[in-house]
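Residue 30 in our numbering sits at position 25 of the sequence shown, and the numbers go up by one each step.
Below is one structure, written out as structure tokens; the observations come after it.
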Amino acid sequence: RIKDVLLATGTGAFFYDDQAAIRSGATQDGFIYVGKPITPAFTSIRIPASSLSVGLVLADGTVVWGDMMSVQYSGAGGRDDLFETGHISDLTSRVVAPRLLDVDACLYLDACAKVFERIGHKRLPLAIEYGVSQALLRAAAHLKRTTMAEIVCSEFDLPLPTRRIPIYCQSGDAREINVDKMILKAVDVLPHGLINSRQKFGANGHTFMEFVKWVASRTREIGRPGYQPVLHFDVYGWVGQEIGLKPQSIADFVCKVADTVPDFLLNIESPADFGSTQAQIENYAKIVSILDDRGSNARIVVDERCNTLEDIRLFAEAKAAHLVQIKTPDVGSIADTARAVLLCKANRV
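Okay, here's the thing in structure tokens:
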């Protein structure tokens with residue numbers, strides 16, 4: 006049993022950014038963005054990420070922790086509102102903590118189901134599910150003297166992992182230096198690139214295409230013999246904003262980029278934002294179909310509008326992506342993240 010529940014405020018590793026303001030043309034001044042925020046609850050375009058850690062005190066005195074927080078672009082693309090520590094702390098203390106004191110921490114999925122029951126017809130904030138499910142997973146692993154991975158495999162009746170999981174790295178804005186670091190360490194999938202503004206994408210995507218070619222040539226120049234990473238670029242909807250929102254035009258552009266790096270598998274994440282989950286599914290499915298028909302070496306990765314387990318199910322079943330960027334804070338419970346992975350595999354996504 007869980008004896009007590011502790012809460013501790015903290016600061017996230019990165020920042021919460023107002024995506025709408027950045028897309029509208031906010032300029033960077035050093036590490037900050039200049040201009041007024043657009044997304045509700047943002048007091049500036051970039052604010053330090055806040056978090057709330059939850060500690061579960063177990064019968065033997067051990068405290069296991071989980072971290073409640075959100076992703077960088079909170080409040081955008083169908084996500085929950087900006088993480089607000091006071092609100093999350095109050096809700097956790099009033100609603101979640103009493104539930105935690107009444108569950109068997111050895112039974113992971115059962116505990117998650119009971120703790121995350123809806124309040125009336127409303128789901129708990131996903132940040133709460135995310136952090137509390139981490140702590141419950143650690144509790145189950147501690148009580149059974151095993152690893153968290155083994156708990157997940159046991160709960161979902163899965164075999165234990167037998168191979169290394171490919172690592173995907175993100176460059177941030179220090180693109181060239183960090184690409185070199187990734188190549189020297191033989192990262193499996195790189196570099197993300199943070200192509201989140203018109204300046205970085207360029208007129209008709211020219212700046213972006215030059216960067217793609219540079220990354221490919223750089224892997225050959227300084228990479229070890231036989232090194233063959235997957236090239237993955239997040240363009241934050243800029244193909245759609247610059248080229249237009251017709252699926253055919255977007256597919257044409259993606260193929261054009263892929264043709265510049267024919268020896269590499271190319272992932273293009275968030276080529277466009279069509280404004281709603283349904284529109285995103287319909288149009289991404291068309292783009293995926295066009296690329297598949299052409300036998301392109303490019304793959305479409307969905308991020309925006311594909312957040313929760315239900316969103317992921319809809320995209321996977323519609324074949325509206327080759328890959329899904331499963332963002333664990335947006336999914337909520339770690340148990341639902343596991344379900345999302347299994348759902349993608351079942352649909353060959």
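Heads up, the beta-carbon is just placed ideally off N, CA and C, and yes, glycines get one too.
Every value quoted in this text rests on a predicted model; they were computed, and no experiment measured them.
For residue i, count the other beta carbons within 10 Å of its own beta carbon; 16 or more makes it buried, fewer makes it exposed. Which is it?
i, result
"Val-39", "exposed"
"Ala-13", "exposed"
"Arg-225", "exposed"
"Phe-36", "exposed"
"Glu-274", "buried"
"Asn-209", "exposed"
"Arg-51", "buried"
"Asp-162", "exposed"
Short of 7 Å in beta carbon distance, which residues of its chain neighbour residue i, apart from the five on each side in sequence? Order them along the chain.
i, result
"Gly-17", "Ala-54, Ser-55, Ser-56, Met-74"
"Lys-127", "none"
"Arg-229", "Ala-191"
"Ser-254", "Ile-248"
Given residue i, which residues of its chain have a CB within under 8 Å of its CB, disregarding the five upstream and five downstream residues?
i, result
"Thr-152", "Ala-146"
"Ile-331", "Ile-317, Thr-342, Ala-345, Val-346, Cys-349"
"Leu-87", "Tyr-21, Thr-44, Pro-45, Ala-46, Phe-47, Ser-75, Ser-79, Gly-80"
"Thr-212", "Gln-204, Lys-205, Phe-206"
From the DSSP secondary-structure annotation, give me the bridge partner or partners of residue i.
i, result
"Ile-43", "Beta-bridge pairing links Ile-43 to no other residue."
"Gln-33", "Tyr-38"
"Ser-56", "Gly-15"
"Leu-195", "Leu-236"
"Lys-127", "Ile-124"
Would you mind reading off the limits of the alpha helix (DSSP H) that contains residue i?
i, result
"Met-73", "Where Met-73 is concerned, there is no enclosing alpha helix (DSSP H), although the beta strand (DSSP E) it sits in stretches over 68–73."
"Asn-272", "Note, Asn-272: premise wrong, no alpha helix (DSSP H); beta strand (DSSP E) at 271–274."
"Ala-263", "252–265"
"Arg-104", "102–105"
"Ile-248", "243–248"
"Val-336", "333–336"
From what residue to what residue does the beta strand (DSSP E) around residue i run?
i, result
"Arg-299", "Unbroken run through Arg-299 is the alpha helix (DSSP H), 282–299; no beta strand (DSSP E)."
"Arg-84", "From DSSP, Arg-84 is part of no beta strand (DSSP E); its letter is neither H nor E."
"Ala-221", "From DSSP, Ala-221 is part of no beta strand (DSSP E) but of the alpha helix (DSSP H) over 211–227."
With a CB to CB cut of under 6 Å and the five nearest residues on each side skipped, what residues in its chain are close to residue i?
i, result
"Gln-175", "His-197"
"Asn-288", "Pro-252, Phe-279"
> For the 8 Å Cβ check, are there 3 or more pairs between the stretch 113–121 and the stretch 315–325?
Replying inline: no
> When the Cβ atoms of the stretch 261–279 are set against those of the stretch 303–319, are three or more pairs found closer than 8 Å?
Replying inline: Segments in contact, yes.
> Can at least three beta-carbon pairs, one atom from the stretch 21–28 and one from the stretch 78–85, be found at a separation below 8 Å?
Replying inline: yes
> When the Cβ atoms of the stretch 40–50 are set against those of the stretch 119–139, are three or more pairs found closer than 8 Å?
Replying inline: no
> Would you call the stretch 293–302 and the stretch 333–341 in contact, with 3 or more CB pairs under 8 Å?
Replying inline: no
> Is it a yes or a no for the stretch 83–98 touching the stretch 149–169, going by three-plus beta-carbon pairs under 8 Å?
Replying inline: no
>> Under 8 Å, with one C-beta from each stretch per pair, do the stretch 262–272 and the stretch 212–227 reach the 3-pair mark?
In response: yes
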